[in-house]
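Chemist:
Protein chains in written order, with my numbering: chain A, 1340 to 1878; chain B, 57 to 377.
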């Protein structure tokens, strides 16, 4: 098997119009992938400039106002345009129907609409950037966001519109998972990535409207002058914080749950081992989704909320940590007596284990009330959420990208360069962000353009790390694009995995399967089946 | 209780610091143990169970109820300890001792001002006696700020529509940094003040001196002192370099173009108006962001600042000759 199939979703039917009007979930997934990678590049460029500016105190490159805009844009782009849609919209769209043995998602037209809405929302964000950007931080806290002269309205309107794209995707996935599973695939025979997408979709549908309403209220306040949040007009800025975090904390789990789903797949496939504690992992996804709605107040321990509220939020915050801990232990135990191969996707899964564990444990510092008072709004927080979001979600995303890349294109990337790249990213990430834990606990506040000399050595170290990290991504871009055109033909099942998407050719045909597959074994039955890898042996 | 600094924490100089640091360190050590457990087991499994040339069936056990109960229960117990411990200290941070000295704190873009019960005011420097509890009654004149003293382990948001309260008892004489930790715009990272902890005797002397307005100084010397102590220095340089606001150097007597298009001569009246009502005439090219000093400066202090700005003109003239 060293020839691509003649007809696949990539070339059947042909033409730009067939792509722009496609209802094929695989094409929409790929179009999402292009869009979010563009956003990731843009957000990454802002990050590199921010780090360069922080190399030494005072002005190195840009002035204070530009700096404030750049860190806001970095955050807003990475969160709303990249991480939230990344795994669900790009991989979820491509993989979910394949994984459950369906021809497509339940509502293909709604799916295409969600992509266009994403593009429309992004255009509003882009318009904001061109017309003076935003300098509020990605959280748009009032009353600063009501007062600032930057173009807050087009950015928040963009985020409002992006919310609909997220809701459409979530709705689509819930119905697809309920209705379109292949014969024999009961709830507890679904791959864990599907469970993770299901839990995520519930949060997307239930929480996103609250953000939409909050941002509309903010826009009304700015445009019409009705006082809702601005005390000068009789409003309350703390109310904004409650509304904002009521969405944005569950949104953290919109970002991390799908990543956890990918890790469950990767650890099992690359260990050729039945996943340990399948039900515990599935239920902990649902448990996290539920409790995530009840912990928003931990963003406000120093905002002046009552001690009672702080106590309850602190307690529930610890409670939400337990299911994440259980998942980590399950993943580690899955490797016990497995048959482990260390290809690029598995290296990303192991990076995830390392970094996400640090991210999770440092969350305990922040959940503890007295310690949070010291660490709140310092670089410790910056380091913590980068370990969870980048060390967690982005590592899982990259693991998924390398895992499903041969399925997208039918071709394999260079394993050698992939290993170089994962090493650079892992080292660069830790150099960049571990130093920030120390900076923060030493008292360095976040969102500072200038800083005291005593913090310079660690800032310098962190900036140096960002160059290693950036280099890792450049290497990745080169070998991945090269693989699309020149990569070795991968075959249907290069990793020897047992889930449905690997039973159909790579790249898959227009309607996924020649005939709808039936469930003959569980997704992780490596104790009953020895799968054969179809990747040609040459290195 | 005092604590010495570690790689993670700066030295602690308030009564609460010891408790916060103890919990910080407890979580740190527990985390290191858990982290090493996860990493060593992963590394061991990866090495021990590396795939051989011929892949075969793998071990089938996918649950172990005792193990699963253990790894749910032990972390749960640990976090309950951390939760209770953190909450108890947090309560102490919120219950202000009755005999505390009450100082009024005002945050505004981009400086801190303090008002003492004796009527003394200061900007960007809060002076407190050691071993005495100090209550801070805080509010903001514009957006949200946050009052953070790393060495005391205290932080509290400062809001525009309500008072927020925090307190501390400093245990060591010295100077400590005060940061704003809620993003507040262009000068956010310049909104840095000092907490100066002194002996009770020095504190009394300082209050005494504060009630007198620049006695024993010429107006120009007093103005030079106010230039730093009232935070003009944050935005206005005296060496000609451009900051958030125009430099003071060589401006007196010049005619400047305003944002409105008018040309205005920089004289005593213009400077006075710009201090008390900064938005009235803004120099072209600068954002109208200066806060008013109405109520912050006494009239002799305004006079002193004008005199100081005039003196910078004379210096500029001498350089040009």
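Glycine included, C-beta positions come from ideal geometry on N, C-alpha and C. For clarity, every value in this text was computed on a predicted model and none was experimentally measured.
1. Pick helix, strand or coil for residue 1340 of chain A, following the three-state DSSP scheme.
2. Going by DSSP, which residues form a beta bridge with residue 213 of chain B?
3. Nearest to residue 1684 of chain A by CA position, among A/1757, A/1419 and A/1637, is which residue?
4. Out of curiosity, what's the CA-to-CA distance linking residue 1585 of chain A and residue 1816 of chain A?
5. Less than 7 Å between C-beta atoms, sequence neighbours within five positions excluded: which residues of the same chain meet that for residue 275 of chain B?
6. Quick check: the Cα distance between residue 1785 of chain A and residue 202 of chain B, rounded to an integer number of angstroms?
7. Just to check my reading of the structure: residue 1677 of chain A and residue 1611 of chain A have Cβ atoms closer than 8 Å, yes? What is that Cβ distance to the nearest angstrom?
8. Tell me the residue span of the alpha helix (DSSP H) that contains residue 1511 of chain A.
9. Contact criterion: CB-CB distance below 8 Å. Does residue 170 of chain B meet it with respect to chain A?
10. Under the DSSP definition of a beta bridge, which residues are partnered with residue 1 of chain B?
11. Which residues mark the beginning and the end of the alpha helix (DSSP H) in which residue 1394 of chain A is found?
12. Excluding the 5 residues flanking residue 206 of chain B on each side, which residues of the same chain have their C-beta closer than 8 Å to its C-beta?
13. Taking C-beta pairs closer than 8 Å, name the residues in chain A that residue 211 of chain B reaches, listed in chain order.
14. Along the stretch 1601-1612 of chain A, what residues have a CB closer than 9 Å to any CB found in chain B?
15. For the putative contact between residue 1839 of chain A and residue 1619 of chain A, defined by C-beta atoms under 8 Å, what is the C-beta separation to the nearest angstrom?
16. DSSP three-state call for residue 1589 of chain A: helix, strand or coil?
17. Taking 8 Å as the threshold (C-beta atoms), are residue 161 of chain B and residue 89 of chain B in contact?
18. If you compare alpha carbons, which of A/1380, A/1433 and A/1383 is closest to residue 1851 of chain A?
19. How many angstroms separate the CA atom of residue 1820 of chain A from the CA atom of residue 1846 of chain A?
20. Can a CB atom of chain A be found closer than 8 Å to the CB of residue 359 of chain B?
21. What residues of chain A sit near residue 105 of chain B, judged by a beta carbon separation below 9 Å?
22. Going by other Cβ atoms of all chains shown within 10 Å of its Cβ, with 16 needed for buried, is residue 108 of chain B buried or exposed?
23. In chain A, which residues lie less than 7 Å from residue 302 of chain B when you measure between Cβ atoms?
24. Would you tell me roughly how many angstroms separate the C-alpha atoms of residue 75 of chain B and residue 209 of chain B, rounded to the nearest one?
25. Mark residue 1340 of chain A as exposed unless 16 or more other C-beta atoms lie within 10 angstroms of its C-beta, in which case mark it buried.
26. Tell me the start and end of each unbroken alpha helix (DSSP H) in the stretch 1404-1452 of chain A that is at least 4 residues and wholly inside, in chain order.
27. Does the beta-carbon distance from residue 1472 of chain A to residue 1461 of chain A come in below 8 Å?
28. What residue range is occupied by the uninterrupted alpha helix (DSSP H) comprising residue 1818 of chain A?
29. Inspect the beta-carbon positions of residue 1663 of chain A and residue 1734 of chain A and report whether they are closer than 8 Å.
30. Going by C-alpha distance, which of B/82, B/59, B/97 and B/102 is nearest residue 1686 of chain A?
31. Below 8 Å between beta carbons: does that hold for residue 200 of chain B and residue 246 of chain B?
32. Indicate the three-state DSSP secondary structure (helix, strand or coil) for residue 166 of chain B in the structure shown.
33. So, using beta-carbon positions, are residue 281 of chain B and residue 180 of chain B closer together than 8 Å?
34. So what's residue 104 of chain B in DSSP terms, helix, strand or just coil?
35. For residue 315 of chain B, which residues from the same chain have a beta carbon less than 6 Å from its beta carbon, with the 5 sequence-adjacent residues on both sides left out?
36. Whose Cβ in chain A lies nearer than 7 Å to the Cβ of residue 64 of chain B?
Modeler: Here's the rundown:
1. The pLDDT assigned to residue 1340 of chain A is 49, lower than 50, so where the model puts this residue is not dependable; a value taken from the coordinates is nonetheless given after this. Residue state, collapsed to three classes: coil.
2. B/202
3. A/1757
4. 36 Å
5. 359, 360 and 363
6. 12 Å
7. 6 Å
8. 1491-1518
9. no
10. This structure cannot settle anything about residue 1 of chain B, because the visible part of chain B is limited to 57 through 377.
11. Residue 1394 of chain A -> no alpha helix (DSSP H), and no H or E assigned at all.
12. 66, 232, 233 and 235
13. 1641, 1712, 1713, 1715 and 1716
14. 1609, 1610, 1611 and 1612
15. Not confirmed; about 23 Å, so no contact.
16. helix
17. no
18. A/1433
19. 16 Å
20. no
21. 1610, 1612, 1674, 1675, 1676, 1677, 1678 and 1679
22. exposed
23. Going along chain A, no residue has its Cβ under 7 Å from residue 302 of chain B, so there is no contact; the nearest lies around 15 Å.
24. 10 Å
25. For residue 1340 of chain A, the predicted structure reports a pLDDT of 49, less than 50, and the residue's modelled location is therefore unreliable. A value from the coordinates is still provided. The residue is exposed, with fewer than 16 neighbouring Cβ atoms inside 10 Å.
26. 1432-1438
27. no
28. 1795-1825
29. no
30. B/102
31. no
32. coil
33. no
34. helix
35. 338 and 340
36. 1777 and 1780
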